[in-house]
Amino acid sequence: PDLVIVDSIQTVMNSGLDSLPGSPSQIRDCGQRLLEVSKQKNVTILIVGHVTKDGTIAGPKMLEHMVDTVLYMDGDDRYDHRILRAAKNRFGATHEVGIFKMGENGLIEVANPSELFLAERSVEISGTSIYPSLEGTRPILVEVQALVSNANYGTPQRNVNGFDAKRLGMLIAVLEKRMGLAMGTKDVFVNLVGGLRVDDPAADLSILCSIASSTMDKPIGENIVLLGEVGLAGEVRSINRLEHRLKEAETLGFKKAVVPIASVNDKAKKVKIELHPVKFVKDAFRVLF
1041 PDLVIVDSIQ TVMNSGLDSL PGSPSQIRDC GQRLLEVSKQ KNVTILIVGH VTKDGTIAGP
1101 KMLEHMVDTV LYMDGDDRYD HRILRAAKNR FGATHEVGIF KMGENGLIEV ANPSELFLAE
1161 RSVEISGTSI YPSLEGTRPI LVEVQALVSN ANYGTPQRNV NGFDAKRLGM LIAVLEKRMG
1221 LAMGTKDVFV NLVGGLRVDD PAADLSILCS IASSTMDKPI GENIVLLGEV GLAGEVRSIN
1281 RLEHRLKEAE TLGFKKAVVP IASVNDKAKK VKIELHPVKF VKDAFRVLF
């Protein structure tokens, strides 16, 4: 055969071992035997494994080291799409993602994930902005939503879905210190629509401006994207692969982009989007508000 699928490694056993299926010794031995068969017969073997409560592969860590590629399929019960991520890849880049949607015939590829994540976005409401994410080599436009309200129940809340909570706290501190917005008595809620998770610093500016938009109750606008890393001094720092992100935004009809001035190069200028290069957060505020 060209392809063998083992579902799952926790149910496979070697009768020569005095242990139950799913035990570390069984998983280790069966994984090693499958690896040997793959090399000897020149066949691709796809091993399906259980995960623990914290989302890591169950069983000995050695199994991850033995195989060539480790893929995670995750998603949110509230959505009908699933995200396939590469955590390890000996033959290509990691952090690549594939987006799939459950249909009548099973999981099918989502050819344009940006349209999926922006399908129901609200354009004339404060607290929303669009950020061109980069998942591996794949640009995906993501809607960032923020809601700021008065903290009426003691300590202000800082809740976030899809982004690092500590970095959110840093962005709120920058807003208060550098832009003069009083955030100490405000509850702040941030959500990346569609269950997507990002750890890209380029999302900073979009999240910060969404929070400011909700605080001031001023919409950002529907045809503009925001991207840039924000430093503690309120500066907007350079990001990688700006032109790829802008091309995705252009494809979906966006007309303007607020970007770090240090990232603007000849390739970025060729994209048919009106660029607003900024050096500090205050410069971005002049463009948006």
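Residues in the sequence shown are numbered consecutively from 1041, following this note's numbering.
Think of the CB as a built atom: it goes at the ideal place given N, C-alpha and C, for glycine as much as any other residue.
All figures in this text were calculated on a predicted structure; none of them were measured in a lab.
| Query | Result |
| --- | --- |
| Minimum C-alpha distance to residue 1213 - residue among 1237, 1202, 1192, 1247 | 1247 |
| The beta strand (DSSP E) enclosing residue 1034, as first and last residue numbers | The requested residue 1034 does not occur in the structure, where the chain is confined to residues 1041 to 1329. |
| Buried versus exposed, by CB contacts within 10 Å (16 or more), residue 1167 | buried |
| Cutoff 8 angstroms; reference residue 1360; Cβ partners in own chain excluding five residues on either side | Within the shown structure, residues of the chain are numbered from 1041 to 1329, placing residue 1360 beyond reach of any answer. |
| Between the CA atoms of residue 1249 and residue 1325 - distance to the nearest angstrom | 8 angstroms |
| Which residues DSSP lists as bridging residue 1329, in chain order | Residue 1329 is not bridged to any residue. |
| The stretch 1128-1136 in contact with the stretch 1152-1172 per 3-pair CB rule at 8 angstroms | no |
| First and last residue of the uninterrupted alpha helix (DSSP H) at residue 1157 | 1153-1158 |
| Separation of residue 1041 from residue 1144, as counted between CA atoms | 28 angstroms |
| Candidates 1070, 1069, 1083, 1087: closest to residue 1330 by CA position | The structure shown does not extend to residue 1330, since the chain spans only 1041 to 1329, so no value can be given for it. |
| Alpha helix (DSSP H) segments (min. 4 residues) lying fully within the stretch 1041-1115 | 1064-1081, 1102-1106 |
| Through-space distance from residue 1071 to residue 1103, alpha-carbon basis | 7 angstroms |
| Any chain D beta carbon closer than 8 angstroms to residue 1268 | Note that chain D does not occur in the displayed structure, where there is just one protein chain. |
| Where the beta strand (DSSP E) containing residue 1227 begins and where it ends | 1226-1232 |
| Distance, residue 1193 Cα to residue 1283 Cα | 45 angstroms |
| Status (buried if at least 16 other CB within 10 Å, exposed otherwise) for residue 1231 | buried |
| DSSP beta-bridge partners of residue 1178 | 1175 |
| At least three beta-carbon pairs within less than 8 angstroms, the stretch 1255-1270 to the stretch 1286-1298 | yes |
| Test item: CB-CB of residue 1290 and residue 1313 under 8 angstroms | yes |
| Anticipated Cβ contact below 8 angstroms, residue 1182 with residue 1233, distance rounded | 7 angstroms |
| Pick from 1305, 1186, 1112, 1191 that is closest to residue 1254, judged by C-alpha positions | 1186 |
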